[in-house]
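Residue numbers (my numbering), protein chains in the order written: chain A, 1 to 389; chain B, 390 to 778.
Read through the structure below, which is laid out as structure tokens, and then see the notes.
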């Protein structure tokens, strides 16, 4: 009993954490519950039930399947479902008629052929990356509806009646889902994408701001910054897929807040890839934080100031850029930080160039030189990011 | 007309390329067509249609929705769908009875409450990363079936009849999908995962094998290796999501080929993250291939041999490891290549340590030193990969 009690406590803690990490999750769950209950009761009450018959269950199904976390995803699914049902219904109706004309023996063969050809073709089309990104669900529903309609074996008038009911119920379901999704605490994929872009840059900034000090800090000397906060940038490395799906969702969304309809969402992909370029350099830098080789004091004395300055100014510039993105204002002081960082780099290059070293073994300066060189690279990455804003 | 002709040719070329890149795509499309046609005709022919009535359409729906590219994904979806339908059906039946007992007025309220609570809870559960990875589809179907059953308003005996039909048709659909998926040119997610792990390492190996020569090559001198073939490693950087989904699929698969059921698929995730660690270093190295700063000849003469040797032996070791993974044999000569590479590194370190430089300005040696240092890092990454096999 002790053990099971501990497990329950552990589980409750996890649930609480999941909700606290992103309270929108709780909202979303309640919204889904609400939408489904609305449509279900719709379905339950007699007058409507008489009118739509069994077709009414399609409304419930549509809500369950279409309701997604963000507005863009819900809209995309709803539109996909509606359009695909309509098109496939019309095509299925045509196929069914054509098959009926060919006599009793030819009918099943012709129908089988139609279904086979359409299912094969559309399944192949789903492999196209562009189609997969935006219309995957629609293509699935297209196959589904076509098969159901063409093979159903209803008479023509029955079928028209059914098609009418089906389309209306799916419309009711989609509209309910979209309505609840937009009207109650909407979650915009566009906002999420925008924030993701900003926080990713901010995370890099946080790392770089403290990197210089951390790198030259002697063991046991001074307060170490919380290491965990420096490692935040790791999530940037694998952000590509999330960005891509958010872009696909955001493109379905109407204008909202600061974003107009047809906001250049694709731009965020270019932007994200520049950010990741920078993150890969930062990851390489991170490998030198706990280097075994100690930089000789004379070299350290020579480069420490410039290096620390370069890194911290880079960090400030990146944080400034992140803030500018968040607020959608032109970055105020980012370029001045960048200039300071570049001046420090110039300074450092001059020192390295003029101060002909003697009596130093190269092995000992390896980490310091590498870090310097990687920081040069980060500067050029940051410049590209600043230009892309 | 000229333009539209060009567009059609372009489109045909794309289709051909998509098919040639992975011929299994064509197979898959045909398989889906076949399975759907089978079930559709099943549905079309009278005797069965009489027996199952409208429920037969659930068989078609199940095939369309369950059939996925790999065996693991199909099995996972099929099991999820079957189990969720069964459980939710039983629970929905119970809820419906309970609501009936509470009188005519209380029934819709109680039903609404049940639906709301269940939909909200299950939607929240879908946010748990573990649940999302393996049971997302099942949870969706759970909500769907529960709502349909509990709200349907059928009488008890009707409902039992319907439940029986529904479960049988879903079973027929799932079995058809799984049967066609496994029996005709099966695509195993496990195989794909295994090959992905091997090719990712191989791509790093190819880069490193040629990196040393490329780096020290003077402009215009000698044949440049096809640059595109060196850039293959870029895909490794973003392989995480693909690996994770393949692992989730592979866990549903029964034993096949060289893999037993419950093959330690999760191990591939650890392995993949080590490979990516290595890839980040390689990405940093790649930045120095077109460096502007020329290494002074005396330094280049000192380090070129060791550096080139280190890099090419690393490349060979990685390629050997990739081959060993592919064949599932212990790597034969990988460790000897690794030792050679480490010897070259030791040699280089000795040179750097003993040859006290004089009259050299540090700026000019920055790229060379950085590359050396990154290669040291790659060595330790490679060692970790070799250990993890």
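In this text, a Cβ means the ideal position worked out from N, Cα and C, and glycines have one as well.
Quantities reported herein were computed from a predicted structural model and do not represent experimental measurements.
Residue range of the alpha helix (DSSP H) that includes residue 712 of chain B: Along the second chain, read from residue 1 onward, the residue named residue 712 of chain B stands at position 323. For residue 712 of chain B, the enclosing alpha helix (DSSP H) covers residues 686–716.
Whole-angstrom distance between residue 563 of chain B and residue 266 of chain A, CA atom to CA atom: On the first chain, position 266 is the one that residue 266 of chain A refers to. On the second chain, position 174 is the one that residue 563 of chain B refers to. Cα-Cα distance, rounded: 39 Å.
Residue 44 of chain A versus residue 535 of chain B: straight-line alpha-carbon distance, rounded: Within the first chain, numbered from 1, the residue matching residue 44 of chain A stands at position 44. Within the second chain, numbered from 1, the residue matching residue 535 of chain B stands at position 146. Approximately 14 Å, taken between the alpha carbons.
Pick from B/482, B/421, B/480 and B/475 that is closest to residue 453 of chain B, judged by C-alpha positions: Locating residue 453 of chain B in the second chain gives position 64, where the first residue counts as 1. Out of B/482, B/421, B/480 and B/475, B/421 has the C-alpha closest to the C-alpha of residue 453 of chain B.
Proximal residues to residue 754 of chain B (C-beta, below 6 Å), its chain only, five neighbours per side dropped: Working through the second chain from its first residue, we reach residue 754 of chain B at position 365. Closer than 6 Å at the Cβ level, and outside the excluded window around residue 754 of chain B, lie 688.
Residues that DSSP places opposite residue 645 of chain B in a beta bridge: Position 256 of the second chain holds residue 645 of chain B. Per DSSP, B/648.
Same chain only: Cβ atoms within 7 Å of residue 467 of chain B, ignoring 5 sequence neighbours per side: Counting from one through the second chain, the residue named residue 467 of chain B turns up at place 78. 455, 563, 566 and 567, listed in sequence order.
Any chain B beta carbon closer than 8 Å to residue 108 of chain A: Position 108 of the first chain, counting from 1, holds the residue named residue 108 of chain A. Chain B, which has a Cβ nearer than 8 Å to the Cβ of residue 108 of chain A, makes this yes.
Test item: CB-CB of residue 15 of chain A and residue 80 of chain A under 8 Å: Against the first chain, residue 15 of chain A aligns to sequence position 15. Against the first chain, residue 80 of chain A aligns to sequence position 80. The answer is no: Cβ separation not under 8 Å.
Contacts that residue 756 of chain B makes with chain A (C-beta to C-beta distance below 9 Å): Taking the first residue of the second chain as position 1, residue 756 of chain B is located at position 367. Those within 9 Å of residue 756 of chain B in chain A are 373.
Minimum Cβ-Cβ distance from residue 417 of chain B to chain A less than 8 Å: As a first step, residue 417 of chain B must be located in the second chain, where it is residue number 28. Yes, its Cβ sits closer than 8 Å to a Cβ of chain A.
Buried versus exposed, by CB contacts within 10 Å (16 or more), residue 268 of chain A: Working through the first chain from its first residue, we reach residue 268 of chain A at position 268. So residue 268 of chain A counts as buried.
Residue 515 of chain B and residue 528 of chain B closer than 8 Å at C-beta: Here residue 515 of chain B refers to the residue found at position 126 when the second chain is read from its first residue. Here residue 528 of chain B refers to the residue found at position 139 when the second chain is read from its first residue. Yes.
Residue of A/297, A/254, A/296 and A/339 minimising C-alpha distance to residue 311 of chain A: Within the first chain, residue 311 of chain A is the residue found at index 311, counting from 1. Per the Cα distances, A/339.
Residue 778 of chain B: first and last residue of the uninterrupted alpha helix (DSSP H) it sits in: By one-based count along the second chain, residue 778 of chain B stands at place 389. Where residue 778 of chain B is concerned, there is no enclosing alpha helix (DSSP H), given that its DSSP letter is neither H nor E.
Endpoints, the alpha helix (DSSP H) within which residue 447 of chain B is located: Here residue 447 of chain B is taken as the residue at index 58 of the second chain, counted from 1. Note, residue 447 of chain B: alpha helix (DSSP H), 446–455.
contact_flag[the region 659–670 of chain B, the region 479–487 of chain B] where n(CB pairs < 8 Å) is 3 or more: No: the two stretches stay apart, fewer than three of their Cβ pairs being nearer than 8 Å.
Close-in-space but distant-in-sequence residues of the same chain around residue 473 of chain B (CB under 6 Å, 5 per side omitted): As a first step, residue 473 of chain B must be located in the second chain, where it is residue number 84. Around residue 473 of chain B: 527, 530 and 531.
With 16 other Cβ atoms within 10 Å as the buried cut-off, status of residue 320 of chain A: Reading the first chain from its first residue, position 320 is the one you call residue 320 of chain A. Residue 320 of chain A should be labelled buried.
Beta carbon proximity, residue 159 of chain A to chain B, threshold 8 Å: Counted from its first residue, the first chain places residue 159 of chain A at position 159. False, the Cβ-Cβ gap to chain B never drops below 8 Å.
Min CB distance residue 390 of chain A to chain B below 8 Å: Here chain A comprises residues numbered 1 to 389, so residue 390 of chain A is not present and cannot be evaluated.
Contact set between residue 178 of chain A and chain B, taken where Cβ atoms lie within less than 8 Å: Sequence index remark: in the first chain, residue 178 of chain A carries index 178 (1-based). Correct list: empty, because the minimum Cβ distance to chain B is about 17 Å.
Within chain A, partners of residue 486 of chain B - CB distance below 7 Å: In the second chain, residue 486 of chain B corresponds to position 97, counting from 1. Correct list: empty, because the minimum Cβ distance to chain A is about 15 Å.
Three-pair Cβ contact test at 8 Å for the region 231–247 of chain A versus the region 190–208 of chain A: yes
Nearest-angstrom Cα separation, counted from residue 121 of chain A out to residue 135 of chain A: Translated into positions along the first chain, residue 135 of chain A becomes position 135. Translated into positions along the first chain, residue 121 of chain A becomes position 121. The straight-line gap from Cα to Cα measures roughly 15 Å.
Residue 262 of chain A and residue 237 of chain A closer than 8 Å at C-beta: For the purposes of this step, residue 262 of chain A is taken as residue 262 along the first chain, with counting starting at 1. For the purposes of this step, residue 237 of chain A is taken as residue 237 along the first chain, with counting starting at 1. Cβ distance not < 8 Å, so residue 262 of chain A and residue 237 of chain A don't count as in contact.
Residues of the region 295–310 of chain A whose Cβ lies closer than 7 Å to any Cβ of chain B, in chain order: For the region 295–310 of chain A, which is checked against every Cβ of chain B, not one residue is closer than 7 Å.
CB contact flag (residue 775 of chain B, residue 723 of chain B, <8 Å): By 1-based counting over the second chain, the position of residue 775 of chain B is 386. By 1-based counting over the second chain, the position of residue 723 of chain B is 334. A contact, by the Cβ cut-off of 8 Å.
Contacting residues, own chain, Cβ-Cβ under 7 Å from residue 447 of chain B (five flanking each side not counted): Walking along the second chain from the start, residue 447 of chain B turns up at place 58. 555, 558, 559 and 562.
Best match in A/256, A/241, A/295 and A/242 for proximity to residue 216 of chain A [C-alpha to C-alpha]: Position 216 of the first chain holds residue 216 of chain A. The closest CA to that of residue 216 of chain A, considering only A/256, A/241, A/295 and A/242, is found on A/295.
Beta carbon proximity, residue 667 of chain B to chain A, threshold 8 Å: Looking up residue 667 of chain B in the second chain gives position 278. Output row for residue 667 of chain B: interface = no.
First through last residue of the alpha helix (DSSP H) which encompasses residue 576 of chain B: The residue you call residue 576 of chain B lines up with position 187 of the second chain. From DSSP, residue 576 of chain B is part of no alpha helix (DSSP H); its letter is neither H nor E.
Own chain partners of residue 647 of chain B with C-beta closer than 8 Å, once the 5 adjacent residues on each side are dropped: For the purposes of this step, residue 647 of chain B is taken as the residue at position 258 of the second chain. Once the five neighbours on either side are set aside, the close Cβ partners of residue 647 of chain B are 717.
Chain-ordered chain A contacts of residue 661 of chain B [CB-CB under 7 Å]: Here the question's residue 661 of chain B lines up with position 272 in the second chain. Those within 7 Å of residue 661 of chain B in chain A number zero; the least Cβ separation is about 11 Å.
Chain-ordered chain B contacts of residue 147 of chain A [CB-CB under 8 Å]: As a first step, residue 147 of chain A must be located in the first chain, where it is residue number 147. Chain B residues near residue 147 of chain A: 425, 429, 449 and 453.
Residue 629 of chain B: contacting residues in chain A (beta-carbon distance under 7 Å): Walking along the second chain from the start, residue 629 of chain B turns up at place 240. The contacting residues are 238.
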